[in-house]
Amino acid sequence: MKRFSLAASLVVAASLLPLAQAALPAQEVPVTQLIVQPSSFHAARASRLDAAAMAPFIQTAGVVMEHVRPLPGQLQVLKLPHPMRPDEARAYATRLVESGVARMAEPDLRVYPSRVPNDPIYPNQWHYHPLVTGRSYGQNNYGLNLPAAWDRTTGSRSVVVAVLDTGLLPHADIDAGRILPGYDFISGLDTDGDGREDDFFYANDGDGRDANPLDPGDWVSADDRKLHPECELSDSSWHGTHIAGTIGAATDNALGVAGIDWQARLLPVRVLGKCGGATSDIIDALYWSVGLPVPNVPANPNPARVINLSLSSGIGPCPLSLQAAFRAIHAVGATVVVAAGNDAGSAGSYFPGNCRGVITVAATNRQGQRASYTNTGSVVTLSAPGGDPAVDTGILSLSNSGTTVPRADDYAFAAGTSMAAAHVSGLVALMRAANSGLTDAEIRDALRVTATPFPQYGDGYDCTLATCGAGIARADWALLAAQGVDFVPDAFSIPPRNDVPLATAVTSEPIVIRGLGYATHITVQNGEYSIGCTQSFTRTPGEVSDGQSVCVRHTSAATYSTPVTSVLTVGGVSASFTSKTQVTPTPAPTPAPESGGGGALGLWALLGLAGLALGRRIRTHS
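According to the working numbering, the stretch in the sequence shown is residues 2 to 623, in order.
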């Protein structure tokens, strides 16, 4: 890990000012104006609406309104008689559209800067920052878009997130009041066969299972390797503390970093020690985390409904015993988020990422491409920022300065699918805060349909739906989906074009997107699209809103009778646009010569020649 010292963070803090007091929620801010597109040609283009032009609007709405000014795009601003709630103003706008007086009408809503925490080294956490897309490589930022999500919720103390990892250390930048009593599930070994555990090498805390989930360190020395050659030489990772910090570090506290969920309570469950952990210990920890009974272990009075498993590298199919544990967790309504693994291989070859019923997360870098180390494949649900040292700084979170045993609070950059999974676990916690009634299936669907599409740079590191899941987790839209906003449009189809010329740009008929409650992602494969069907076509993923028209364009085939197909996807709903080139022209048949035998000319041929000769003579003497 790259270290980031606490002292350095305090220096940065001195230059920052506290945030202003939070404003009213958007649904309570009064509306004083409507934005309207009149149906009348002249009213839509007028620089000023007189009393006669305003009369239809006033009569239809039933309230006195005044014209304020025109806007580009044939829009007009109308002043309401008094400040109104947004839902009240929206009702008047709807009345104008339904009557036919206006083609479009909506409240003139106020917008504000998105909520940004005052944690001094939050600026280094690119992985939380707003999305920047559609630019050339190196200029984009594929973060979670958290500031817009924090405008909706910063979490709830009723949500419990279990972190099954190396344990957790106290840290000045994590609220001790949010840490629940956890458990250490790392078993000792019975080396002499007397039925009692006497080897606690893996646990590294001098005893076996107990109610102390503190992380004593997981370093492996050269001497350790002599006895356990399967282990890798390493310093202590403080992995569980880093993961817990991403999910729920103290935020907006003018110290250090931010966490994704500002309110959720964290349940530390220790399952990883020196050289990893045993599947049997992890199975017990899974049952216990959601409040299910485990033999010889006290009951967990604080069942979790979000479980983070930032661990992998179990090669082979999902063990039946582990799969049974996930079925039990699913039955109680909890969500399990799992790292895809860091072997740059097929995620389907490693458990627990290949187990059913889990959300498996691959890692992307700041530019939205797959991280060089991440496992990929069809079992991946979606991706999230995991960082990549070749491209970005990695993921910044809590750590400790000790190389073996714990010492001072610290911060560190790290990269891995572990970090990617922690981002999704934090987001799921926010989703459960926004809607406590969500099922695991609804959470999974919401994450998929709102995920940011992968960019396509064409350099061999691009993600696809087949390799990195549905896209990159996007927090603000995931929360909207959790609250019931529809990001899936009505099904649509695109009529084909037949008998088109060869190697020619072919544009589809316009289709109108319907059924959306909010703008959603739009992408195209093997072609370009245009919103509004203008001359501005693009291959770059974008956004489309309800009621907008879209056209697709591609170049037809260079051979006859050959189809070319583009696939347009809007909010997870896809349709194909196919063009087919014209049929190969059929040459005119050549008449067979008359047969006169022996090569002699036939009678009719001789008569024809005679006629030509006569014709020449006539023309000559004319």
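Virtual Cβ for every residue (Gly too), placed ideally from N, Cα, C. Just so we're clear, the structure is a prediction, and the values are computed from it rather than from any experiment.
Strictly by DSSP, which residues pair up with residue i?
i: residue 38; result: 105
i: residue 348; result: DSSP output for residue 348 lists no bridge partner at all.
i: residue 522; result: 544
i: residue 275; result: According to DSSP, residue 275 bridges with nothing at all.
i: residue 398; result: 413
i: residue 435; result: Answer is none; residue 435 lacks a bridge partner.
i: residue 570; result: 524 and 575
i: residue 564; result: 581
i: residue 385; result: 364
i: residue 185; result: 211 and 271
i: residue 80; result: 34 and 67
i: residue 534; result: In DSSP, residue 534 forms no bridge with anything.
Could you tell me the alpha carbon to alpha carbon distance between residue i and residue j, rounded to whole angstroms?
i: residue 383; j: residue 565; result: 29 Å
i: residue 219; j: residue 272; result: 12 Å
i: residue 130; j: residue 415; result: 17 Å
i: residue 211; j: residue 132; result: 43 Å
i: residue 39; j: residue 159; result: 48 Å
i: residue 597; j: residue 586; result: With a pLDDT of 45 at residue 597, under the threshold of 50, the predicted position of this residue should be treated as unreliable, though the coordinate-derived value follows. Roughly 34 Å between the two C-alpha positions.
i: residue 152; j: residue 444; result: 20 Å
i: residue 232; j: residue 276; result: 5 Å
i: residue 205; j: residue 221; result: 10 Å
i: residue 217; j: residue 240; result: 11 Å
i: residue 446; j: residue 485; result: 12 Å
i: residue 515; j: residue 291; result: 41 Å
i: residue 513; j: residue 440; result: 32 Å
i: residue 581; j: residue 525; result: 19 Å
i: residue 506; j: residue 530; result: 12 Å
i: residue 442; j: residue 311; result: 21 Å
i: residue 101; j: residue 483; result: 34 Å
i: residue 366; j: residue 391; result: 9 Å
i: residue 612; j: residue 584; result: Note that residue 612 scores 41 on pLDDT, short of 50, meaning its location in the model is unreliable; the coordinates nonetheless yield the value given after this. The alpha-carbon atoms of residue 612 and residue 584 are separated by roughly 41 Å.
i: residue 86; j: residue 154; result: 21 Å
i: residue 105; j: residue 41; result: 12 Å
i: residue 453; j: residue 146; result: 10 Å
i: residue 428; j: residue 118; result: 16 Å
i: residue 522; j: residue 225; result: 51 Å
i: residue 331; j: residue 358; result: 7 Å
i: residue 373; j: residue 140; result: 19 Å
Can you find the residues in the same chain that come closer than 6 Å, C-beta to C-beta, to residue i, ignoring five residues on each side of it along the sequence?
i: residue 502; result: none
i: residue 209; result: 188, 189 and 198
i: residue 71; result: 48 and 77
i: residue 27; result: Interpretation of residue 27 is limited by its pLDDT of 48, a score under 50 that renders its predicted location unreliable; the figure taken from the coordinates is listed afterwards. Cβ within range, chain order: n/a, list empty.
i: residue 346; result: 376
i: residue 161; result: 266, 268, 303 and 305
i: residue 333; result: 291
i: residue 301; result: 289 and 292
i: residue 57; result: 102
Measuring alpha carbon to alpha carbon, tell me which residue in the options is nearest residue i.
i: residue 475; options: 450, 575, 497 and 156; result: 450
i: residue 491; options: 260, 525, 548 and 287; result: 548
i: residue 471; options: 371, 514 and 435; result: 371
i: residue 363; options: 356, 369, 375 and 352; result: 375
i: residue 75; options: 392, 522, 103 and 555; result: 103
i: residue 417; options: 438, 439 and 394; result: 394
i: residue 249; options: 105, 263 and 67; result: 263
i: residue 150; options: 432, 460 and 321; result: 432
i: residue 509; options: 577, 523, 473 and 84; result: 577
i: residue 555; options: 561, 542, 528 and 579; result: 528
Who are the near neighbours of residue i in its chain, counting only those whose CB is closer than 7 Å to its CB and skipping five residues on each side?
i: residue 599; result: Low confidence applies here, because residue 599 scores a pLDDT of 41, under 50, leaving its location unreliable; read the following figure in that light. Excluding sequence neighbours, residue 599 sits near nothing in its chain.
i: residue 361; result: 339, 341, 348, 354, 380, 381 and 382
i: residue 176; result: 251
i: residue 173; result: 256 and 410
i: residue 520; result: 544, 545 and 546
i: residue 138; result: 368 and 458
i: residue 111; result: 30
i: residue 436; result: 483 and 484
Give me, in chain order, the residues of the same chain whose beta-carbon lies closer than 8 Å to that of residue i; leave out the 5 immediate sequence neighbours on both sides.
i: residue 511; result: 534, 550, 551 and 552
i: residue 34; result: 69, 78, 79, 80, 81, 108 and 109
Segment contact flag, the segment 378-394 with the segment 405-412, C-beta cutoff 8 Å, min 3 pairs
no
Indicate whether the contact test is met: 3 or more Cβ pairs, each with one atom in the segment 161-171 and one in the segment 250-258, closer than 8 Å.
no
Per the contact definition of three or more C-beta pairs closer than 8 Å, is the segment 487-505 in contact with the segment 568-584?
yes
Between the segment 317-324 and the segment 419-439, do three or more beta carbon pairs fall short of 8 Å?
no
Can you find at least 3 beta carbon pairs, one from the segment 166-182 and one from the segment 243-253, that sit closer than 8 Å?
yes
Is there contact here, the segment 398-408 with the segment 287-305, by at least three beta-carbon pairs under 8 Å?
no
Is it the case that the segment 177-191 contacts the segment 199-213, given that we only count it when at least three CB pairs across the two stretches are under 8 Å?
yes
Measuring CB atoms only, is the segment 56-65 touching the segment 86-99, in the sense that at least three cross pairs come out at less than 8 Å?
yes
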